[in-house]
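Read through the structure below, which is laid out as structure tokens, and then see the notes.
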Amino acid sequence: LNHQGRLLSWNLALCQFTGLSPDQLHRQPLLDLLIQTQSRDAFLAAWSRALADRLPSPFRAYVRAADGAARVIDGTCAPIPADPDHPPSILVTGSDVTDTVLARADLERQARRMKLYEKLPFVGIAVSAPDTKHCIYVNERIPELLGYSAEQLRNIAWPRLTHPDDLPREQVLFDAILRGESDGYTTEKRFIRADGRILHAILDVRCVRAPDGGVEEFFATVQDITAHKAAEEALRESESFTRTILSSLTA
């Protein structure tokens, strides 16, 4: 760039990246290639620092690529030595870091989500391994529901926590996921708590698959419906008692 920020020369990579011809790029202000005010401000600040300090200055900006997509560029403005009485030209280099930025943002988003899941008061969340069936991760609600500590749950396979009468039905659903016939299931089941009491729950299970189609891990949510089941049972008993009384009165 010259001291006015206009392109003087460029490599083929810039033409390919932007989809612009050499004639289109010739003496075009680099600012015109940037999108978003924030990107232009970041570049102008780096360009000004490079001119003033005669030292390389980094910046990050968004550029519209040839396919129309916005790409993230990490760049550097570096002064090219010239006559001290004249402003130097600026060499601008840049690397496309979009994939890295998106990957990091996804990891940060997952971390925030998991932090939120840990605090959810109304639903238990667990991640388990397909081979050992042990919990890799549980939020705070799971230990409350099952009566085991998080550390204990990491050493207990889920079949041991399942009521024996419910296990065959759930094993069929589990095996269907391993065979690739489904990616999850929702079922009503009974868990056996550490104190021996029964926890009635709605279990929703989803799998995370590897590129080869195999299951990497299971993600499950557990919603406690014990009080609801108890209310249903109390209602049935009340209705049965009422029918018995009515039958005796009409006999």
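In terms of the numbering used here, the sequence shown opens at residue 3 and continues consecutively.
Don't be surprised by glycine CBs; every beta carbon is placed ideally from N, CA and C.
Checklist entry - Do Y150 and A222 come within 8 Å of each other at the CB atom, strictly closer than that value? => result As a working mapping, residue 222 is identified with position 220 in the sequence shown. As a working mapping, residue 150 is identified with position 148 in the sequence shown. Taking 8 Å as the Cβ cut-off, A222 and Y150 do not qualify as a contacting pair.
Next on the checklist: I'd like to know whether the C-beta atoms of L32 and L10 end up nearer to each other than 8 Å.
Outcome noted: Working through the sequence shown from its first residue, we reach residue 32 at position 30. Working through the sequence shown from its first residue, we reach residue 10 at position 8. When the beta-carbon positions are compared, L32 and L10 stay at least 8 Å from each other.
Checklist entry - In terms of alpha-carbon separation, which member of T246, A113, S91 and L104 lies closest to P58? => result The residue given as residue 58 occupies position 56 in the sequence shown. Closest option to P58, judged by alpha-carbon separation, among T246, A113, S91 and L104: S91.
Checklist entry - Going by DSSP, which residues form a beta bridge with G186? => result Translated into the one-based positions of the sequence shown, residue 186 becomes position 184. DSSP lists R208 as partners of G186.
Item to check | Whole beta strand (DSSP E) elements within the stretch 60-144, 3-residue minimum | outcome: Scanning the stretch 60-144 from its first residue to its last, the whole beta strand (DSSP E) runs of 3-plus residues come out as 72-82, 91-98, 126-130 and 137-140.
Item to check | Supposed close pair T254, V74 - CB separation, criterion 8 Å | outcome: Residue 254 lies beyond the residue range present for the chain, which begins at 3 and ends at 253; the question has no answer from this structure.
Checklist entry - In this structure, does DSSP put Q173 in helix, strand or coil? => result In the sequence shown, residue 173 corresponds to position 171, counting from 1. For Q173, the three-state secondary structure derived from DSSP is helix.
Next on the checklist: Using only CA atoms, which one of Y187, I138 and L147 lies nearest to I200?
Outcome noted: In the sequence shown, the residue the question calls residue 200 occupies position 198. Nearest C-alpha to I200: L147.
Next on the checklist: By alpha-carbon positions, which one of D108, T78, Q154 and F124 ends up nearest to S50?
Outcome noted: For the purposes of this step, residue 50 is taken as the residue at position 48 of the sequence shown. Of the candidates D108, T78, Q154 and F124, the one whose C-alpha sits nearest the C-alpha of S50 is T78.
Checklist entry - If we ignore side chains and look at the alpha-carbon of each, how far apart do A63 and I127 end up? => result Within the sequence shown, the letter at position 61 stands for residue 63. Within the sequence shown, the letter at position 125 stands for residue 127. Roughly 39 Å between the two C-alpha positions.
Checklist entry - Are F2 and T164 touching if we call contact CB-CB under 8 Å? => result Look at the range of the chain in this structure, 3 to 253, and you will see that residue 2 is not part of it.
Checklist entry - Who are the near neighbours of Q313 in its chain, counting only those whose CB is closer than 7 Å to its CB and skipping five residues on each side? => result Nothing about residue 313 can be read from this structure; the chain reaches only from 3 to 253.
Checklist entry - According to DSSP, which residues form a beta bridge with K191? => result The residue given as residue 191 occupies position 189 in the sequence shown. According to DSSP, residue pairing for K191 in a beta bridge involves A203.
Item to check | Nearest-angstrom beta carbon gap, A203 and I227 [assumed within contact, 8 Å] | outcome: The count along the sequence shown starts at 1 and reaches residue 227 at position 225. The count along the sequence shown starts at 1 and reaches residue 203 at position 201. The beta carbons of I227 and A203 sit about 6 Å from each other, so the pair counts as a contact at 8 Å.
Checklist entry - Among the residues of its own chain, which have a CB less than 7 Å from the CB of W12, if the five just before and after it don't count? => result Here the question's residue 12 lines up with position 10 in the sequence shown. The beta carbon of W12 lies closer than 7 Å to those of L27 in the same chain, with the five residues before and after it left out.
Item to check | Separation of R111 from L104, as counted between CA atoms | outcome: Position 102 of the sequence shown, counted from the start, is the residue given in the question as residue 104. Position 109 of the sequence shown, counted from the start, is the residue given in the question as residue 111. In a straight line, the C-alpha of L104 is about 10 Å away from that of R111.
Item to check | Beta-carbon proximity check, K135 vs D168, cutoff 8 Å | outcome: As a first step, residue 135 is located in the sequence shown; it is residue number 133 there, counting from the start. As a first step, residue 168 is located in the sequence shown; it is residue number 166 there, counting from the start. With a cutoff of 8 Å on beta-carbon distance, K135 and D168 are scored as not near each other.
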